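When the letters of the sequence shown are read in order and numbered with my numbering, they come out as residues 245 to 387. Quick reminder that beta carbons are idealized off the backbone N, C-alpha and C, glycines included. As the structure is a computational prediction, the values presented were derived from the model and not from experiment. The structure under discussion appears below in the form of structure tokens.
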Amino acid sequence: MDIEVRLAEQRDYEIINEILEEIQPCDSNLRSKRLSQALDSNLSSYLVAVSSGKVIGFLNIWHLPDIVDGGIMGIVLDCYVLAEYRNHGVGKMLVGSAMELGKKFGVNKYYGWMAPENKAAIALLRKHGFATESLMLEKKVNN
């Protein structure tokens with residue numbers, strides 16, 4: 245299986261949006277707007293894994309200034325691979341590519357943000373040297 249990892253482009257919006265809808269349904273217009281903002285942001289990058297012209301997975305990495313140590317933190321999130329392509333190294337390729345991209349932004353530390361029950365994502369990041377170092381709490385609000 246020939247797989248290419250590249251930065252997401254406008255033409256990838258629709259499939260990313262469809263995959264996200266499977267993971268967590270929400271207002272499609274709002275999601276499209278937020279996805280467009282994320283893809284246009286200087287603080288966020290989306291990578292896609294492509295096989296035979298088809299997007300088979302994606303990953304979002306934020307690269308944010310860290311005022312505590314003066315560095316740049318990379319936050320890996322929204323990593324997803326279509327079911328039929330799992331266990332073929334696609335996630336590994338996406339995370340590796342995200343970390344390579346992070347070098348261009350001067351990232352000096354990485355965080356992984358996922359649900360605690362997402363054992364596959366946790367195992368994937370641990371293979372890349374991630375360790376439990378901190379705790380993130382979440383509060384959802386209705387605006």
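Next item on the list: Mark Leu279 as exposed unless 16 or more other C-beta atoms lie within 10 angstroms of its C-beta, in which case mark it buried.
Entry: With 16 or more other Cβ atoms within 10 Å, it is buried.
Note to self: Is the separation between the beta-carbon of Gly318 and that of Val294 shorter than 8 Å?
What the structure shows: no
Checklist line | Sequence-distant residues of the same chain with beta carbon closer than 7 Å to Met380, five excluded per side | finding: Trp357
Item checked: Reduced DSSP secondary structure (H/G/I, E/B, other) of Met358 -> coil
Check: Would the beta-carbon of Leu368 fall within 8 Å of that of Gly335?
Finding: A contact, by the Cβ cut-off of 8 Å.
Next item on the list: Could you check the C-alpha separation between Tyr355 and Leu264 for me, to the nearest Å?
Entry: 21 Å
Notebook entry, point to check: Counting pairs of beta carbons, one from the stretch 297 to 306 and one from the stretch 321 to 329, are three or more of them closer than 8 Å?
Noted result: yes
Item checked: Where the beta strand (DSSP E) through Ile316 begins and ends -> 316 to 325
Note to self: If I measure Cβ to Cβ from Ala252 and keep anything under 7 Å in the same chain, skipping five residues before and after, which residues do I get?
What the structure shows: If we look at Ala252 and ignore the five residues flanking it on each side, its Cβ neighbours are Ile260, Leu283, Tyr290, Leu291, Val292, Phe302.
Note to self: Buried or exposed, going by whether 16 or more other CB atoms sit within 10 Å of the CB of Asp271?
What the structure shows: exposed
Notebook entry, point to check: Whole beta strand (DSSP E) runs in the stretch 265 to 320 with 3 or more residues, listed along the chain?
Noted result: List check, beta strand (DSSP E) in window: 288 to 295, 298 to 309.
Check: In whole angstroms, what is the alpha-carbon distance linking Gly314 and Gly346?
Finding: 15 Å
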